[in-house]
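For reference, the structure is listed below as structure tokens.
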């Protein structure tokens, strides 16, 4: 009986698995289609890939997306680590919880709300919509994610470790760079990768706060998809898929290394992007 | 010991959490010409917006229900497999792929000459209009959100003490009774956070409604986007956003804020 149950469970999982991957492989498959549509495979071609690499505008957009992702992940990681340490050091449990709730507002907020409210804010402050506004928004919504990834690591750290360092004459800066940061390294990396993927994936927020001159990949695909099908998008998405796989595998191994107590995993509750 | 780290962090909270919400509320009291007014709120309670709010909630409910219906067994079965970490990774990996690309793929899959229609033709059902229907909208949304349901439920199942299940079996409970009376109630927290992670974004979808549902489905999110970026009636958009924030807060209270109580 146990054997049969295993079989059923495998069938169910395989079906879910196949459905989840079908669209991705469908896109990749037709990226090699010499016919111009996503139906009826005419013949193998790499033309669409050539088109992607010949399309300077698209490459610029790709570069924009990567630059925004890297910068926002880097800055939000720094801010997030500072935030996590700040929350960790708050003594009163009540204040700590209040800060955490505020921290989580942007994680649970629908993208539309974040986008719309940031749009109002940037307009009032007078920040021109474009690179800066997109970068700032990406930093803003990545910070709480980094905090969530780093905080459990800080909680694992015993306070006697810090006391010992201070007794031995370490300055505040030494304590931070030589004790705290090395200890929470895996959390920092996890947070950085999360921020990176959130930024690469974001559509809704960027769509609100981007001006006429500046686009990221998601926004570009959105406008192209509304115009109709073009297989160069398939080729591009295949490339992105491979790139994402690399990122995820990297993230997975970093996470595994820090998986001593299994706590990191539980913090993946808010896991992947795509809110 | 002074907590100097609080300064930049609290600044971030004030700038990007408190101020945006305050600005949304503030903006909701102004009309298109910039005059102070309560008209937006009055407008929100007219049948047009009430109907839209209702249908938005209905779609979000359906999306959450189907995600749970498919995601719960999947999460449960993963915990029973040999390489559960690998399976989990495989099932949540597609969610790392850009949302727009996956949605775009469905335009091809569900299109008039797409793979699904070709299959329907082969098995003799014949071509159907799939794209721009409620079905495609709910299917794609569930597809997008399912990893968010699987993850928390999986974590809740992993935390479950297996001896409780053995005890139930020993006491003569059938597998179904064990599930209904032991496993299901004990994984309620995972279900709640899963539902929270699906329901709130489902209320505010606008990209999928445009690309897959062809503007046939209008959610609160679509309406906000419309007001902010198309009709430029920020006041009305902000008013809808205020109600969305209220709805979000209510959902958080009902389902409990799991991150807050982490642990």
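Residue numbers (the working numbering), protein chains in the order written: chain A, 3 to 277; chain B, 2 to 264.
Don't be surprised by glycine CBs; every beta carbon is placed ideally from N, CA and C.
query: Taking the runs of the alpha helix (DSSP H) that are 4 residues or longer, which of them lie wholly in the stretch 72-149 of chain A?
result: 95-110, 113-127
Check: Which residues mark the beginning and the end of the alpha helix (DSSP H) in which residue 57 of chain B is found?
Finding: Looking at the DSSP string, the run of the alpha helix (DSSP H) that includes residue 57 of chain B is 48-81.
Exercise for the section: Let me know the secondary structure DSSP gives residue 4 of chain B once reduced to three states. Expected result: coil
Discussion item. For residue 58 of chain B, which residues in the same chain have their Cβ closer than 6 angstroms to its Cβ, ignoring the five residues on either side in sequence?
Written reply: So no residue of the chain qualifies.
Start and end of the alpha helix (DSSP H) containing residue 171 of chain B? 163-171
- prompt: Residues of chain A with a CB under 9 angstroms from the CB of residue 187 of chain B: which are they?
  reply: For the C-beta of residue 187 of chain B, not a single chain A residue is nearer than 9 angstroms; the gap to the nearest is close to 16 angstroms.
Whole-angstrom Cβ separation of residue 117 of chain B and residue 213 of chain B, contact assumed at under 8 angstroms? Not a contact, Cβ separation roughly 13 angstroms.
Using 8 angstroms as the threshold, is the stretch 192-203 of chain A in touch with the stretch 95-107 of chain B, meaning 3 or more CB pairs across them?
-> yes
Are residue 137 of chain B and residue 131 of chain B close, meaning C-beta to C-beta below 8 angstroms?
-> Closer than 8 angstroms, so yes.
Self-check item: Cβ-based neighbour list, residue 81 of chain A, same chain, cut-off 6 angstroms, excluding 5 preceding and 5 following
Solution: 145
Worksheet item: CA-CA distance, residue 158 of chain B and residue 11 of chain A?
Response: 16 angstroms
Considering Cα atoms alone, identify which of A/133, A/153, A/9, A/168 is closest to residue 213 of chain A. A/133
Output, in sequence order along the chain, the residues in the stretch 150-181 of chain B whose CB is closer than 7 angstroms to any CB in chain A. 152, 153, 156
Drop a sphere of 10 angstroms on the beta-carbon of residue 147 of chain A, count the other beta-carbons inside from all chains shown, and report buried for 16 or more, exposed for fewer.
buried
- Message: Quick check on residue 89 of chain A: buried or exposed, where buried means 16 or more other Cβ atoms within 10 Å of its Cβ?
- Response: buried
Discussion item. Only counting the same chain, and skipping five residues up and downstream in sequence, which positions put a Cβ closer than 7 angstroms to that of residue 85 of chain B?
Written reply: 79
(message) Measuring only the C-alpha atoms, how far is residue 16 of chain A from residue 166 of chain A?
(response) 52 angstroms
Leaving out five residues on either side along the sequence, give the residues of the same chain with a beta carbon under 6 angstroms from the beta carbon of residue 33 of chain B. 234
Cβ neighbour criterion (16 or more within 10 Å) applied to residue 153 of chain B: buried
### Message
Using CA atoms only, rank isn't needed, just tell me which of A/209, A/77, A/247, A/252 is closest to residue 231 of chain B.
### Response
A/209
For residue 35 of chain A, the residue or residues it bridges with in DSSP
A/46
By alpha-carbon positions, which one of A/97, A/255, A/159, A/115 ends up nearest to residue 139 of chain A? A/115
### Message
Check this for me: beta carbons of residue 123 of chain A and residue 24 of chain B, under 8 angstroms apart or not?
### Response
yes
Closer than 8 angstroms to chain A by CB, residue 261 of chain B: Any reading at residue 261 of chain B must be qualified, since the residue scores a pLDDT of 37, below 50, and its modelled position is unreliable; the value itself is stated next. Yes, contact with chain A.
For this session: Check whether the Cβ atoms of residue 107 of chain A and residue 255 of chain B lie closer than 8 angstroms to each other.
Result: no
- Query: With 8 angstroms set as the bound, which would you pick, yes or no: does the beta-carbon of residue 120 of chain B sit closer than that to a beta-carbon of chain A?
  - Reply: No - not a single Cβ of chain A is within 8 angstroms of the one on residue 120 of chain B.
Please list the partners that residue 203 of chain A has in chain B, where partner means a Cβ-to-Cβ separation under 7 angstroms. Here the neighbours are 99, 100.
How would you write the range of the alpha helix (DSSP H) that residue 97 of chain B sits in, first residue to last? No alpha helix (DSSP H) contains residue 97 of chain B, which DSSP labels as neither H nor E.
* From the DSSP output, in three-state form, read off residue 272 of chain A for me. => Below a pLDDT of 50, predicted positions are generally treated as unreliable, and residue 272 of chain A, at 40, falls in that range; no measurement from the model is reported.
Contacts around residue 67 of chain A, its chain only, beta-carbon distance under 6 angstroms, and the 5 residues preceding and following it disregarded: 218, 219
| Inter-stretch contact (C-beta, 8 angstroms, three-pair minimum) for the stretch 35-53 of chain A and the stretch 226-239 of chain A | yes
- Helix, strand or coil for residue 209 of chain A per DSSP? helix
Under 8 angstroms between beta-carbons, which chain A residues line up against residue 57 of chain B? List them in chain order, please.
Ordered by position in chain A, no residue passes the 8 angstroms Cβ test against residue 57 of chain B, which lies about 11 angstroms from the chain.
**OP:** Verify the CB distance criterion: does residue 237 of chain B have a CB-CB separation below 8 angstroms to chain C?
**Re:** Of the protein chains in this structure, namely A and B, none is chain C.
> Are residue 149 of chain B and residue 198 of chain B close, meaning C-beta to C-beta below 8 angstroms?
Replying inline: yes
Are the stretch 85-104 of chain A and the stretch 4-13 of chain B in contact at 8 angstroms, needing three or more beta carbon pairs? Under the 8 angstroms Cβ criterion, the stretch 85-104 of chain A counts as touching the stretch 4-13 of chain B, having at least three qualifying pairs.
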